[in-house]
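Quick notes on the structure that follows.
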Amino acid sequence: MILHRAHFHYEAEVDTSFGCILLTAIVATGGLVLGYDFGCVNGLIRSNSFIAVVEGPGETRISQNNVALVMSILFCGASFGAITGGALGDRLGRKWLIQLSSAVYVVGVSLQMAVGFYDSALVLVLIGRLIGGVGVGINSVGTVLYMTETVSILDFLNAMFLA
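As structure tokens, then:
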């Protein structure tokens, strides 16, 4: 990377190998988890079987209160995950933080998938989305930390200052 500004010339080596680009691309897909989750829960909310379990047999729509609750509880968990993600990243390391976030998200999604086996489907979905939200929040911190840690701090600060 070469930056030119007025009378200042700055050069930094950037690793453009295939492995580095592939690793960055894979880690960057961690940001897609939130969008993927919204897409999946949208299908769940519109599912006739889910509506029948939550609202009762014969109902064709889920109440707006339940929709708002199911959609927003993910952000409660994500807030907690994002707040604790930095400290966890310092203790566990960036790679383990991303793996932990994936495991927490899988537990949350597994609870949401078990909806058909219990009568209290809404409670199970809310608990699953809360736990999944913690995974999403940790992931949002972990992926950014992992990608930026490959850049030396001096190069990063100089590039941000000069750009």
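Position one of the sequence shown corresponds to residue 54 (the numbering used here), numbered consecutively onward.
Backbone N, C-alpha and C define an ideal beta-carbon position, used for all residues, glycine too.
Per DSSP, Ala167 lies in no alpha helix (DSSP H) segment and is marked neither H nor E. Rounded to the nearest angstrom, the gap between the Cα atoms of Leu145 and Arg114 is 44 Å.
Each residue's CA atom was taken as its position, placing Lys148 and Ser125 some 28 Å apart. Contact between Ile180 and Gly134 is ruled out by a C-beta separation of about 15 Å, above the 8 Å threshold. Rounded to whole angstroms, the gap between the alpha carbons of Gly139 and Leu198 is 9 Å. When secondary structure is reduced to three states using DSSP, Thr137 falls in the helix class. By the beta-carbon neighbour count (other beta carbons within 10 angstroms, threshold 16), Phe103 is buried. Contact annotation: Gly185 and Val162 have beta-carbon atoms nearer than 7 Å. Taking 7 Å as the cut-off, the Cβ atoms of Gly109 and Val187 do not count as close. With 16 or more other Cβ atoms from the protein chains shown falling within 10 Å of its own Cβ, Gln165 counts as buried. Distance from Val120 to Val178 at the Cβ level is roughly 11 Å; contact not present, criterion being Cβ atoms closer than 8 Å. Bounds of any alpha helix (DSSP H) do not take in Gly83, whose DSSP letter is neither H nor E.
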